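K.L.:
The structure under discussion is supplied below as structure tokens; questions concerning it will follow.
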Amino acid sequence: MKIPRVVRIEPSAKCNLSCRHCPTGTIEMTRGIMSNEVFERCLDFIKYDEVKVIVLYHGGEPLLNKDFYLMVDRIKKIRKDVLIKTVSNGVALTKTNTNKLISSGIDEIEFSLDGLSFVENDYIRVGGGGEKVVSNINYLLDEKWIQHSKKPKVYISTTQFVRGIDHAKKIVSSDCDTPKVPKYLTKTFPQSANKIEGFKTGYALHWPHMGEIKENFSIYIDDRGEVHNECDHLDNTVTIRWNGDVVPCCYDLTSKLVMGNVLKENLVDILNGDKYSILMESIKNKKFISICKECAVVTPKRYLIPKW
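The opening position of the sequence shown corresponds to residue 108 in the numbering used here, with each subsequent residue numbered one higher.
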């Protein structure tokens, strides 16, 4: 019986931003808030000891779900030992829900700020003012200190961009695609102050079903990249979307490959069902189907090069 170690639960598919490099911001589709009925079905699954991490995030902004903090509490009451984390754009973080976040007991939270400056961040992350987000994060950090709380651990996640073909070739030839943290972020969040845990960086990639991006980006395909016949995401994670749909990984942000729905089937049965078997066999044989054909995990990476 397959029980993954990481379970992703999407509290909200809705987002208050329209980021230019994200399928959530570029694809029109129905997006809602997870109901208690769907969440209850998710809780049935996390009782298994094999589950070690719960990620309360997928495509939307999780803090838009007013029951987010109750979700954390419910999970902790069932499994105190699991690590619970989320990712937020920081815009929906307020003084009121900051205290709810701290008292919920959530272990980690990542806040996203992209590009090389606040100006570029605000251009990329449409609807999200970077300096306001920083103010919200600093309020959280200050409240943690006042309340003598070690949780949640705070990370800054930043997506950077390949700056032209020559830059792309240099990255590919060096086999190092972890960008440096931009100076505006290291200056804003000095780690010497011991307030944040650290930074997480990565280059913007063209993920499956990105929508119309020609206006803002060109694409560079890693011509040295390998094709793989295994996927750690498929082996070790499961994702339940806001409406109960189960998708194979965190990169299926638009439900292109739905494996089942927890309101209609038991999640264990879905994970061990025919659709998963067919998908895993296709990857094993490198005969990729659906979104896997353009996935940077099993096929060569496709870097987004901005036109601005």
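In this text, a Cβ means the ideal position worked out from N, Cα and C, and glycines have one as well.
Since we're looking at a predicted model, the values are computed, not measured.
Based on Cα-Cα distance, which residue from Ser211, Thr201 and Thr193 lies nearest to Lys184?
P.N.:
The residue labelled residue 184 in the question sits at position 77 within the sequence shown. Measuring from the Cα of Lys184, the nearest candidate turns out to be Ser211.
K.L.:
CA-CA distance, Leu341 and Arg115?
P.N.:
As a first step, residue 341 is located in the sequence shown; it is residue number 234 there, counting from the start. As a first step, residue 115 is located in the sequence shown; it is residue number 8 there, counting from the start. Each residue's Cα considered, the two are about 12 angstroms apart.
K.L.:
According to DSSP, is Pro297 part of a helix, a strand, or is it coil?
P.N.:
Looking up residue 297 in the sequence shown gives position 190. It is coil, neither helix nor strand.
K.L.:
Does DSSP put Lys258 in a helix, a strand or coil?
P.N.:
Counted from its first residue, the sequence shown places residue 258 at position 151. Of the three classes helix, strand and coil, the one that applies to Lys258 here is coil, per DSSP.
K.L.:
Note down, in chain order, each residue of its chain lying with its Cβ closer than 7 angstroms to the Cβ of Phe146, except the 5 sequence neighbours on either side.
P.N.:
Along the sequence shown, one-based indexing puts residue 146 at 39. Only Met178 meet the Cβ criterion.
K.L.:
Would you check if the segment 285 to 299 and the segment 341 to 350 touch, i.e. whether three or more CB-CB distances between them fall below 8 angstroms?
P.N.:
No, the segment 341 to 350 is not in contact with the segment 285 to 299.
K.L.:
Starting from the C-beta of Gly236, find all residues in its chain whose C-beta is less than 7 angstroms away, skip the five residues before and the five after it, and write them out in chain order.
P.N.:
What you label residue 236 is simply residue 129 of the sequence shown in a count that begins at 1. Around Gly236: Asp229.
K.L.:
In the DSSP output, what is Val160 paired with across the bridge?
P.N.:
As a working mapping, residue 160 is identified with position 53 in the sequence shown. DSSP output for Val160 lists Val113 and Leu190 as bridge partner(s).
K.L.:
By the three-class DSSP mapping on this structure, what secondary structure does Ile213 have?
P.N.:
Stepping through the sequence shown from its first residue, residue 213 is reached at position 106. In this structure, Ile213 counts as coil in the three-state DSSP scheme.
K.L.:
What is the residue span of the alpha helix (DSSP H) that Thr131 lies within?
P.N.:
The sequence position of residue 131 within the sequence shown is 24, counting from 1. Start and end: Pro130 to Thr133.
K.L.:
Look at the Cβ atom of Ile153, then the Cβ atom of Ile140, and state whether they are nearer than 9 angstroms.
P.N.:
Walking along the sequence shown from the start, residue 153 turns up at place 46. Walking along the sequence shown from the start, residue 140 turns up at place 33. For Ile153 and Ile140, no; Cβs fall outside 9 angstroms.
K.L.:
Provide the residue span of the beta strand (DSSP E) that contains Arg409, from first to last.
P.N.:
Position 302 of the sequence shown, counting from 1, holds the residue named residue 409. Arg409 -> beta strand (DSSP E) spans Arg409 to Pro413.
K.L.:
Would you say Glu168 faces chain C, with C-beta separation under 9 angstroms as the test?
P.N.:
Absent from the structure: chain C. Only one protein chain is present.
K.L.:
Reducing DSSP to helix, strand and coil, say where Leu341 ends up.
P.N.:
Within the sequence shown, the letter at position 234 stands for residue 341. Three-state result, Leu341: helix.
K.L.:
What is the residue span of the beta strand (DSSP E) that Ile326 lies within?
P.N.:
The residue you call residue 326 lines up with position 219 of the sequence shown. Per DSSP, Ile326 belongs to the beta strand (DSSP E) from Phe324 to Ile328.
K.L.:
For Ile377, does the three-state DSSP call read helix, strand or coil?
P.N.:
Position 270 of the sequence shown holds residue 377. Helix, per DSSP.
K.L.:
Roughly how many angstroms lie between the CA atoms of Leu370 and Asp376, to the nearest whole one?
P.N.:
Indexing the sequence shown from 1 puts residue 370 at position 263. Indexing the sequence shown from 1 puts residue 376 at position 269. Roughly 12 angstroms separates the two Cα atoms.
K.L.:
Give the secondary structure of Phe395 by DSSP, where H, G and I count as helix, E and B as strand, and everything else as coil.
P.N.:
As a working mapping, residue 395 is identified with position 288 in the sequence shown. It is coil, neither helix nor strand.
K.L.:
Closest to Pro413 by CA distance: which of Ser389, Val269 and Tyr291 is it?
P.N.:
Taking the first residue of the sequence shown as 1, we reach residue 413 at position 306. Per the Cα distances, Val269.
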